[in-house]
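Enquirer: Our numbering applies: residue 106 is where the sequence shown begins, and numbers increase by one. Can you keep this structure in mind? I'll have questions shortly.
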Amino acid sequence: MSQRAIEIIERARREGRKVLLEPEAKTICSFYNVPVTVFDVAKSSEEAVEKAKRIGFPVVMKIISPDIIHKSDVGGVFVNVKNEEEVITTYNKIVENVKQAVPKARIYGILIQEMAPQGVETIVGGIRDPQFGPTIMFGLGGIFVEILKDVSFRIAPVDKDEALEMIQEIKGYPILQGYRGYYKADIGSLVDIIMKVSNMLMDLPISQLDLNPVFVYEEGKGAKVIDARVVLE
Ligand code: ADP
Ligand code: MG
Numbered sequence: 106m107s108q109r110a111i112e113i114i115e116r117a118r119r120e121g122r123k124v125l126l127e128p129e130a131k132t133i134c135s136f137y138n139v140p141v142t143v144f145d146v147a148k149s150s151e152e153a154v155e156k157a158k159r160i161g162f163p164v165v166m167k168i169i170s171p172d173i174i175h176k177s178d179v180g181g182v183f184v185n186v187k188n189e190e191e192v193i194t195t196y197n198k199i200v201e202n203v204k205q206a207v208p209k210a211r212i213y214g215i216l217i218q219e220m221a222p223q224g225v226e227t228i229v230g231g232i233r234d235p236q237f238g239p240t241i242m243f244g245l246g247g248i249f250v251e252i253l254k255d256v257s258f259r260i261a262p263v264d265k266d267e268a269l270e271m272i273q274e275i276k277g278y279p280i281l282q283g284y285r286g287y288y289k290a291d292i293g294s295l296v297d298i299i300m301k302v303s304n305m306l307m308d309l310p311i312s313q314l315d316l317n318p319v320f321v322y323e324e325g326k327g328a329k330v331i332d333a334r335v336v337l338e
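Next comes the structure, spelled out in structure tokens:
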């Protein structure tokens, strides 16, 4: 599995890229059995229609560009695209938005994805710390990470017990336990993703990996990586 991942990494390097595109990062995740949204790449609006039909409506459409880090900041993400006609208008809209926001951006295509049901937003990340080596991070998404810095860290390799501790020690843990109207989240699937991210950082020349957001569903219903970003060493 890591050989196929290395091929993707080598190709990016040959193209002079240090950051993997979302489809590349998600493909590597899938080699490690990390659950990601179903996705496909379209290079024209006709192709986008074909791929959206194959994936099934509604779909999500996103810009694929090595020059854009935060896709939604440039009008490069549209969710709930409901039919063929909307796929075509959305395709053109994304290209137009991106050209306006970042005129020199290289556009590699448009990513078509299944629209995942909303889950509780979490983040699983990894960095290669100069002192400690591969280090794994877990947190709840949105304001919990951005404002409250409610995250936990462990040095890789992270085993099952440590992954569970990482989840249990964040302040927001009650949210995952079904506090006040939240459902009881599938913590086992988060443990699994944390361990697999740890494996990825141990195996591959990655300096930073962000799975943000990872939607976690009700117990028994798993979790899904919605966005993935990988920075190479
Ligand atoms: P950005 O580069 O802006 O971080 P994301 O891929 O994270 O782009 O998309 C922005 C937001 O759109 C996500 O946080 C999520 O709420 C929503 N989203 C993106 N992809 C999907 C999807 N496949 N299914 C459901 N919601 C999605
Ligand atoms: Mg994101």
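Positions of the beta carbon are idealized from the N, C-alpha and C atoms, including for glycine.
Would the beta-carbon of Gly181 be found less than 8 Å away from any heavy atom of the ligand ADP?
Expert: yes
Enquirer: Indicate, with yes or no, if the ligand MG has a heavy atom lying under 8 Å from the CB of Asn188.
Expert: no
Enquirer: Which whole-angstrom value describes the C-beta separation of Ile311 and Gly231, a residue pair presumed to lie in contact below a C-beta threshold of 8 Å?
Expert: 7 Å
Enquirer: Spatial neighbours of Ile169 within its chain, please: C-beta separation below 8 Å, excluding the five flanking residues on both sides.
Expert: Hits under 8 Å: Leu126, Glu127, Pro128, Val146, Ile212, Tyr213, Gly214, Ile215 and Leu216.
Enquirer: What are the uninterrupted segments assigned as alpha helix (DSSP H) that are 4 or more residues long and contained completely in the stretch 252-337, given in chain order?
Expert: 265-273, 278-281 and 292-308
Enquirer: Within the continuous beta strand (DSSP E) that includes Pro235, where are the two ends?
Expert: Where Pro235 is concerned, there is no enclosing beta strand (DSSP E), given that its DSSP letter is neither H nor E.
Enquirer: Using 8 Å for Cβ pairs, my map puts Gly282 next to Lys289. What's the rounded Cβ distance?
Expert: In the sequence as displayed, the identity of residue 282 is Gln instead of Gly. Cβ atoms of Gln282 and Lys289 come within 8 Å of each other, at about 6 Å.
Enquirer: Taking only the alpha-carbon atoms, compute the straight-line gap between Lys156 and Met300 and give it to the nearest angstrom.
Expert: 32 Å
Enquirer: What I want to know is whether the C-beta of Lys176 ends up closer than 8 Å to one or more non-hydrogen atoms of the ligand MG.
Expert: Distances taken from the Cβ of Lys176 to the heavy atoms of the ligand MG include one shorter than 8 Å.
Enquirer: Which residues share a DSSP beta bridge with Asp145?
Expert: Ile217
Enquirer: Which runs of the beta strand (DSSP E) spanning at least 3 residues fall entirely within the stretch 163-203, listed in chain order?
Expert: Segments of the beta strand (DSSP E) lying fully in the stretch 163-203: 164-169 and 182-186.
Enquirer: Could you compute how far the alpha carbon of Ala206 sits from the alpha carbon of Lys265?
Expert: Roughly 43 Å between the two C-alpha positions.
Enquirer: Look at the alpha carbon of Val250 and the alpha carbon of Val256, and state the distance between them as a whole number of angstroms.
Expert: Within the model, the alpha-carbon separation for Val250 versus Val256 is close to 7 Å.
Enquirer: Flag Pro171 as yes when its Cβ comes closer than 8 Å to any non-hydrogen atom of the ligand MG, and as no otherwise.
Expert: no
Enquirer: Does DSSP classify Glu120 as helix, strand or coil?
Expert: coil
Enquirer: Give me every residue whose Cβ sits closer than 6 Å to any heavy atom of the ligand MG, in chain order.
Expert: Every residue with a CB closer than 6 Å to a heavy atom of the ligand MG is listed here in chain order: Asn317 and Asp332.
Enquirer: Specify, as a first and last residue, the run of the alpha helix (DSSP H) that Lys156 falls within.
Expert: Note, Lys156: alpha helix (DSSP H), Ser150 to Ile160.
Enquirer: What residue range does the alpha helix (DSSP H) around Pro128 cover?
Expert: Glu127 to Phe136
Enquirer: So what does DSSP say about Val250, is it helix, strand or coil?
Expert: helix
Enquirer: Which residues in the same chain have their Cβ closer than 8 Å to the Cβ of Ile272, if we skip the five residues on either side of it in sequence?
Expert: Phe243, Ser257, Tyr278, Leu281, Ile292, Leu295, Val296 and Ile299
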